[in-house]
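In terms of my numbering, the sequence shown opens at residue 1195 and continues consecutively.
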Amino acid sequence: MGRNKDNKKKETGKGLGAITAVTEMYGRNAKWVNWAIVGLLFVLAFYVRVNAIAGKTELHSDEVFSMALCTCDPNYNVAVADGTYTGAQLKDMIAHSGDTGFKGMLSDLRQLWVNNGDAPHASLYYMALRVALTGYDAYDLDGYIVRGGVLNMLFFVLSFVFMYKLLRRIFGERHMLVFVGLALAYFNLLSVRNTMLIREYQMAEASVVMLTYMAVGFVQRLRAGEEIRRWRFVALFGVLMGCTVSLGYFNAFYVIGLCLALAASCIRHHRHRAILLILLAGVAALVFAFVIYPGFFNFILHPTVHKSMAFRKFSLALSVTFARDIRRLLFISYGFWIVLAAVLVAAFSKGGLKKLADGGLFVWLPLLVVACMPLIQYASILKHPRYYYCLMPVLMLLVPQSLAAMPNLWRRYFGILILLFFPILTPQIHFRDNYRWDAVRKELARPVIFYQLNPNELIQLVPNLDDNVEYTVMGKTPMTSEISQGEERLVVAKMGKIDSDKFVFVGKAIWNSNIYLFNVKYVEK
1195 MGRNKDNKKK
1205 ETGKGLGAIT
1215 AVTEMYGRNA
1225 KWVNWAIVGL
1235 LFVLAFYVRV
1245 NAIAGKTELH
1255 SDEVFSMALC
1265 TCDPNYNVAV
1275 ADGTYTGAQL
1285 KDMIAHSGDT
1295 GFKGMLSDLR
1305 QLWVNNGDAP
1315 HASLYYMALR
1325 VALTGYDAYD
1335 LDGYIVRGGV
1345 LNMLFFVLSF
1355 VFMYKLLRRI
1365 FGERHMLVFV
1375 GLALAYFNLL
1385 SVRNTMLIRE
1395 YQMAEASVVM
1405 LTYMAVGFVQ
1415 RLRAGEEIRR
1425 WRFVALFGVL
1435 MGCTVSLGYF
1445 NAFYVIGLCL
1455 ALAASCIRHH
1465 RHRAILLILL
1475 AGVAALVFAF
1485 VIYPGFFNFI
1495 LHPTVHKSMA
1505 FRKFSLALSV
1515 TFARDIRRLL
1525 FISYGFWIVL
1535 AAVLVAAFSK
1545 GGLKKLADGG
1555 LFVWLPLLVV
1565 ACMPLIQYAS
1575 ILKHPRYYYC
1585 LMPVLMLLVP
1595 QSLAAMPNLW
1605 RRYFGILILL
1615 FFPILTPQIH
1625 FRDNYRWDAV
1635 RKELARPVIF
1645 YQLNPNELIQ
1655 LVPNLDDNVE
1665 YTVMGKTPMT
1675 SEISQGEERL
1685 VVAKMGKIDS
1695 DKFVFVGKAI
1705 WNSNIYLFNV
1715 KYVEK
């Protein structure tokens, strides 16, 4: 018995000695170890995104719109002239219009500045994408994915750098919390899908993170009683707000909420004059947004379906936000429960709520995002999570903030668990978008008639066409001029567009839920 006790003491001593040695090693090399961990997180997050982009073989319809709009394709709003075209000809129409090369890029930028033809969106992202597509003068799916992906990766790097600076600004030398914040911000599923999508959301994410970084610095100066660099703040904060709303009008919910929170901080810290700086920055934001795109207010001035059908079914918006997006789409398996457990442990720890309420942790930032998310879905008609992709890094602040309110033992446990879970499992996921292109390509690998489709509906289908097959586009031409009595043809149209008195037809949906491929026979009744 005595020997067993002695052996246990020796083993315990060895274990404590090893821990002590590791602790001392970290103490001597803390700076380099911290940088190494941040670097490793960056490399893994970078790898996940590059791998996901490299695996893309299909485009969302909005990504096709990005190409057509940034190259100023007139057929986005004006129908392609009736006639017969090969698949290659229709594809090249969305790849360029008019001049090519550098001259074509400058010409398109001028047109995008005047009017991008897309009232629900400003032109800032389209301009950036058009620069990235300089020399892209013929349709090439892989080339488009690479160029759009590289542009997104540049904005991802910018987002990561400023997220690190934001976390350091909030948590200082508590490096574990910084690591956890980075892990959750860039290894959640929506963040990765954000970088995959050739739309404005990754650029908006970088803008939101920089805006939040500057807002936190503003509040910290108020608390410390330090002087605000007035014109510097007005100019930079105004530009960042202008960029953020130019990259998505729904982002205005977050921008307005952030400004109200800053104004409340001014009142709390008896710096009432600083409210004027926030107002001036807001004016500067609108001026900046208008200067970079004079059509910025088109979404207000012109009627669109996005306006007429907005703000409906708030209960659905709540369900979509919390039951679908946060519960099922945001995290990998079990990730939601790990995050929920961390928040609950913090809330029920002794003094946890008091620590969370401490203004130094800025818990109001993720809570602001939680408030904005259902409002964004309430205002949207598509109810898609991509509308708040850009807010995910700020939402993820809630977890390191919760860890900061825990006892040390719990903080270390959850910190290690999160760092060993998300950055290790997320890179193993095979991200792949499936928009049923294989099935659509198979159906359209033969001559068909596109009959009375809206311009942007035809554009959605163009990437699925066979380069060497001839297709007939009919918008104004009656179908009887193309189909002879008793002849059968394949026709792509929407329900209700084909005259049942003259044609016998059967069909099946091939795209979305309202575009059908019909087998039509001309039989005059």
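We put the beta carbon where it would ideally sit given N, CA and C, even for glycine. Predicted model, so just to flag it, every value in this text is computed and none were measured.
Non-local beta-carbon contacts of Gly1249 in its own chain, meaning distances under 8 Å to residues more than five positions away in sequence, involve His1624, Phe1625 and Arg1626 in chain order.
When DSSP reads this structure, Leu1711 sits in a beta bridge with Val1686 and Lys1702. Residue range Gly1277 to Thr1280 is occupied by the beta strand (DSSP E) that includes Thr1280, with no alpha helix (DSSP H) assigned at that position.
Rounded to the nearest whole angstrom, the CA to CA distance from Leu1263 to Val1272 is 12 Å. Judged by their CB atoms, Gly1337 and Ala1326 are not nearer to each other than the 8 Å cut-off. Taken through DSSP and simplified to helix, strand or coil, Val1272 comes out as coil. The beta carbon of Phe1482 sits closer than 7 Å to those of Gly1432, Val1433 and Gly1436, all from its chain and outside the five residues before and after it, given in chain order. Within the same chain, Cβ atoms closer than 6 Å to the Cβ of Ala1511 are found at Pro1568, Gln1571 and Tyr1572, the five residues on either side in sequence being excluded.
Distance from the CA atom of Gly1701 to the CA atom of Lys1715, rounded to whole angstroms, is 12 Å.
The beta-bridge partner set that DSSP reports for Tyr1645 consists of Met1668.
Residue Arg1415 holds the alpha-carbon nearest to the alpha-carbon of Arg1462 among Ile1392, Arg1415, Gln1283 and Ala1598. Note on Lys1548: under 16 other CB atoms within 10 angstroms of its CB, so exposed under the neighbour-count rule. In this structure, DSSP gives Tyr1333 a state outside helix and strand, which the three-state scheme calls coil.
One alpha carbon belongs to Val1232, the other to Glu1252, and they sit about 33 Å apart. By alpha-carbon distance to Asn1245, the top candidate from Met1390, Phe1373 and Asn1228 is Met1390. For Met1668, same chain residues with a beta-carbon under 8 Å away, outside a window of 5 residues either side, are Asp1276, Ile1643, Phe1644, Tyr1645, Gln1646 and Glu1676 in chain order. In the structure shown, Phe1556 adopts coil according to DSSP, grouped into three states.
Under the three-pair Cβ rule at 8 Å, the segment 1607-1614 does not count as touching the segment 1476-1494. Under the three-state reduction of DSSP output, Phe1697 falls in the strand class. Inclusion of Ser1353 and Pro1587 in the CB contact set at 8 Å is warranted, their separation being smaller than that value. Three or more pairs of CB atoms, one per stretch, sit closer than 8 Å, so the segment 1486-1501 contacts the segment 1312-1323. Given a length threshold of 4 residues, each whole run of the alpha helix (DSSP H) inside the segment 1372-1424 is given here in chain order: 1383-1390 and 1395-1418. Here the alpha carbons of Pro1579 and Asp1519 stand approximately 7 Å from one another. DSSP, reduced to helix, strand and coil, places Tyr1716 within a strand of the structure shown. The distance from the Cβ of Ala1377 to that of Leu1592 is about 13 Å, inconsistent with a contact at the 8 Å cut-off. Taking each of Val1258, Phe1259, Val1410 and Ile1247 in turn and checking the Cα distance to Gly1553, the smallest one comes out for Val1410. Note that the segment 1418-1429 does not touch the segment 1650-1665; fewer than 3 beta-carbon pairs, one per stretch, sit closer than 8 Å. DSSP places Gln1305 within a helical segment (H, G or I) once states are collapsed to three.
With respect to the C-alpha of Met1261, the residue from Ser1291, His1464, Asn1309 and Trp1229 having the closest C-alpha is Ser1291. Judged by their CB atoms, Val1372 and Phe1365 are nearer to each other than the 8 Å cut-off. In this structure the segment 1628-1642 does not lie against the segment 1389-1407, because fewer than three pairs of beta carbons, one per stretch, are closer than 8 Å. With a threshold of 16 other beta carbon atoms within 10 Å, His1466 falls short and is exposed. The count of Cβ pairs closer than 8 Å, one atom from the segment 1302-1310 and one from the segment 1343-1363, stays below three, leaving the stretches out of contact.
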